[in-house]
Structure formats: C-alpha cells, structure tokens
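Let me begin by presenting the structure, written as structure tokens, before commenting on it.
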Amino acid sequence: MATVAAAPAVEKSALDRLLGLAAEVLPGESVTALLLSLNGFLILAAYYVIRPLRSAFLLPVRITLPSGDVLTGAVITSYVGAILAALFLIIVPLYGQLASRVNRSRLMNVVTTFFISNLFIFYFLGRTGATPVLLGVGFTLWTGIFNLMVVAQFWSFANDLYTVEQGRRLFALVGFGYTVGAIAGAFITSSLIVRIGELPMMLISAAILVVCLGLTNLIHAREKHRTRHTKAGAQADQPLGRAGGFQLVLGQRYLLLIGLLTLAAQVANTGGNYIRDETLGQMARQAVAAGTAGGLTERQLVGSFMADMDFWQNILVVAIQFFLVSRVFKYMGVAGALFVLPTIALGGYGAFALFPALGVIRISQISVNATDYSLQNTLRRALFLPTSREAKYKALQAVETFFWRAGDMLSALTTFVVVQMLGLSVRSYAAVILGFVAVWMLIAVGLSRENRRLTAAAEAAAA
C-alpha cells in the first residue's frame, strides 16, 4: 500500500525568528505583522509631533464671559473632555453611516485624508493670523478627536485582518510599534520645534500620515490578495451593516461591558494622576518652606520628579510591550489579562491610602501607567477579536471615543465632589478611587466570562 509523503514543514525565516522575541510568530506572518507595527508607529508619531502644539496655541487664549469672568487656556483645557464626549455623540453615528456605505479600504482612506486636510487648514489659519480662540480652542478639540478616532480605526483594521488566535499572538507585536511611535514623535518635536517653529510641525505630521495612508493600502491589498479565496477576502470589499456604534454597544452585553470597563479604568487612572500631582505639589511646597529643597523652586522640584518618572515609565512601557504582553496573553489568555492592571491599581492605591508617602505613589503610578500604556492598551483592542466586523469598526469607535471621554468627565466630577465640595484629603480621595477599582474588577469578572464564551465560539467556527 502506497503512502502519501507528508508535506514538508515550512521553516521560519530570519525575520520570523527575530520577531519571535516579542511574540509567537508562525512562518509567513512576520511581514504583515511588521507592516502593521510600522503603521501604528507612524500614526502615534504623527499625533505626538503635534500634541505639544495644543498647549502652545492655548497660551494666549482669553475668553471674557458676560459675567466678567475670564477663561484662560488652562481653564478651557479642563472642559475639553466634556465637550469632546458631547461631540462624539454626533461623530460616532456619522462614522457608522460612512462605514455602512463604503468598504474597508475606502473607509480608512476617507477618514485619514480628512484629518490630513485638516492639518493643512490649521496650518494656513495660523499663517494668516487666525484669532487665538479659533486656532487654540479649535486645534485642541480637533486633536482630541483625531487622536482617538485614527488610533481606534487602526486597531479596527488589525482586528479585521487577524483571527482570534492570530490576534492573541501578534497584537503585542503590533502594539510595540504603536508604543515606540509615541516616543519618536515627541523626540521629533522636541528636536525641531525650536528651529522651525510650531506651525511647520503640522506639515510634518501630515506628511507622516500620508505615508501611513500608503502603508494601510499596501497592507489591505496584500491581505486581500492572500485571502482572495476565503470568506475574509470577500468581506474586505463589503460595506458593514446598518447598525450604529452605540446601537451595537447597548444591544450586546459583551460590548457594553467593554465600554463600562473602559470608563471605570479611565476614572481610576485619571484619579491616580490627580493623587500624584496633588501629593507632589504639597511635598514640594513643604520642602521649599522648610529649606530642604536644595535651592530649587517648587516648579523645579515638580519638573525634576515628573521627568524622572516619565523616564522610568517609558522604559517599563517598552519592556512590557515587547517582552511580556504576548506571554501574558499566551499563558493567561485575554480573559485572564483583564485582572492584571486592576490588581496593580488596587495594591498601589491601597498602599497609598495606608501609607501616604511620595515614594509609594511614585512606584504605584509608574507601575499603573506603564501597564496601562502597554498591556491594557493592547488588551482593550484584543477584546474585539471575537466580535463581528461591524463591532470591530463601529462599536470599537464608540468605546474608544465616547466611553473614554465619559471616563474623563466622571473623573472630573468625582474630583469636584470629593475635593471641592466635601473638602476631603488626598488620602480619602485615594479610598474613593479604590471603590472605582473594585467596580472595575467586578466588570472584569463578567467580561472575562463573556470573552471566554465568544472566543470558544469563534475558534470553533474557524476550525
């Protein structure tokens, strides 16, 4: 009886083995993963190139109210989250309508081209001497929309390309480029803004986005050709269904839990930043008053402390993203990874409530923020892997925009009530934040169950 020779195993390329340091990469997967990682790198670099311009353009802004009160740029910034949350109630349905009319490639081209054109508009407004209010307030609101929408769409695209199993392995690698892009963009601006000024940074950001657009179309064409005989390949040219982003989130328990998790985590993390800033400010004032500041001013003490925190935080972010995220997903699963950050936050804020010292909050915030910017950012997007294509584009936009900004609003309201109205101490505020972390943990319990159920169903359907 003749035997059939087994097909030779496909060996990993040198690139496969190199990227295997960050994630489990199978033969043939490295090129798309690397291109997606580069795309994410450029998107975040484009944003961080223009991110500092918001503060610069808001500096001269002064709006006189009918009551005679004057709103400065710093005050206006505190209201931005609420304004953006209201704007996203309009923007998310408009994005959903566009996604229902065009295919994947055209959707990404239209949205990205729109934001590129906006950068040229703001550049010419600045060149022609637009009023500080128009340029400062308008650009600040625009960057808040641009950052969340373009990043969300990038992760929608990644979710659409990968199966649940692939995304669980490769999202850490995709997210690595995204993480490093933020550092690169900030470096570009810090190196060039003094030489060429603020406005040309907009043109640099626009040029980076043009490269992103070309790269996105290359990935789309490559994957469409590779999967042309599969269901995924056929779907790439099809518009999405008619359901809107908010309709999907409110109509599906799993998606609603993702939204609520995003909101609760944002409240807790923003509250943690307030605890850090207030504690640091108090201790800087005490050091200067006691003469133990070594001749430094309060601002110099705060600036030095924050720079040191940012340095170690960025190193930890890159290390976690490259070496740990894929391992966490592999051994704990996406469902298990839901509990990593709230556990760290629970320990950090709990320790501060018991021992309110600057060293405690320093370790706590470096750990929380580094894990948030690496593992949690990747995790939030990986939660959409077992969902429908509609959810990957429309519901993800709703969660990453409205629910994110709603978290900012709720955090500001919490701070106002606890600190301004009740006059409680920072230590008491930390106890309140612990309550939000507990809610976050409860949501994670329900979400992990739903994720396991949907993941098992998606993998069974793909088998």
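One point on numbering: in this note's numbering, the residue at position 159 of the sequence shown is 152, and numbering is uninterrupted.
No residue lacks a Cβ here, since even glycine has one placed at the ideal position from N, Cα and C.
Counting along the chain, the unbroken beta strand (DSSP E) around Arg55 starts and ends at Arg55 to Thr57. Per DSSP, the beta-bridge partners of Thr65 are Arg55.
DSSP, read as helix, strand or coil, puts Val318 in helix.
Out of Ile436, Lys385 and Ala455, the CA that lies nearest to the CA of Gln146 is found in Lys385.
One alpha carbon belongs to Val327, the other to Asn444, and they sit about 8 Å apart. Minimum Cα-Cα distance from Ala258 among the listed residues Ala431, Thr65 and Ala454 corresponds to Ala431.
A direct Cα-to-Cα measurement between Ala344 and Val353 gives close to 7 Å. Remark: C-beta atoms of Leu351 and Met402 do not approach each other more closely than 7 Å.
A straight-line Cα-Cα distance of about 44 Å links Gln228 and Phe304. Taking C-beta atoms as the reference points, Ile109 and Leu202 count as a pair closer than 7 Å. By the Cβ-count criterion, Ile189 is exposed, with fewer than 16 other Cβ atoms from all chains shown falling within 10 Å of its own Cβ. Our two residues, Gly234 and Ser93, have alpha carbons roughly 6 Å apart in a direct line.
The three-state secondary structure of Ser48, taken from DSSP, is helix. For Ser297, same chain residues with a beta-carbon under 8 Å away, outside a window of 5 residues either side, are Leu289 in chain order. Burial check for Thr255: the Cβ neighbour count within 10 Å reaches 16 or more, so the residue is buried. Sixteen is the threshold: when 16 or more other Cβ atoms of the shown chains lie within 10 Å of the Cβ of Glu22, as they do, the residue is buried. Collapsing the DSSP output to three states places Ser93 in coil.
A residue is called buried once 16 or more other Cβ atoms fall within 10 Å of its Cβ, and Val318 is buried on that count.
The Cβ atoms of Thr105 and Arg47 lie no closer than 7 Å to each other. Under a 10 Å Cβ-count criterion, Gln90 is classified as exposed, with fewer than 16 other Cβ atoms of the shown protein chains found around its own Cβ.
No Cβ-Cβ contact shorter than 7 Å links Lys387 with Leu253.
If you check the CB distance, Val42 and Gly178 come in under 7 Å. Of the residues assessed, Leu77 falls on the buried side of the cut-off, its CB having 16 or more other CB atoms within 10 angstroms. For Ile181, the enclosing alpha helix (DSSP H) has its first and last residue at Val157 to Ile189. In the structure shown, Ser381 adopts coil according to DSSP, grouped into three states. For Ala257, the uninterrupted alpha helix (DSSP H) run begins and ends at Arg246 to Ala283, by DSSP.
Setting aside the 5 residues that flank it on each side, Thr407 is surrounded in the same chain by Val260, Gly264 and Val425, each with a C-beta closer than 7 Å to its C-beta; the list follows chain order. Non-local beta-carbon contacts of Tyr171 in its own chain, meaning distances under 6 Å to residues more than five positions away in sequence, involve Gly33 and Leu37 in chain order.
Between Met302 and the set Asp270, Gly160, Thr57 and Tyr422, the nearest pair of CA atoms involves Asp270.
Contact check for Met195 against Leu80 fails: the beta carbons are separated by 7 Å or more. For the 7 Å CB-CB criterion, Ala451 and Val157 form a contact. Counting only residues of its own chain and dropping the five nearest sequence neighbours on each side, Leu208 has a CB closer than 6 Å to the CB of Asn32. Boundaries for Glu4: no alpha helix (DSSP H) harbours it, and the DSSP string shows neither H nor E there. In this structure, the beta-carbon distance from Glu17 to Arg162 falls below 7 Å. Between Asn370 and Leu154, the alpha-carbon positions lie close to 18 Å from each other. When DSSP states are grouped into helix, strand and coil, Thr124 belongs to the coil group.
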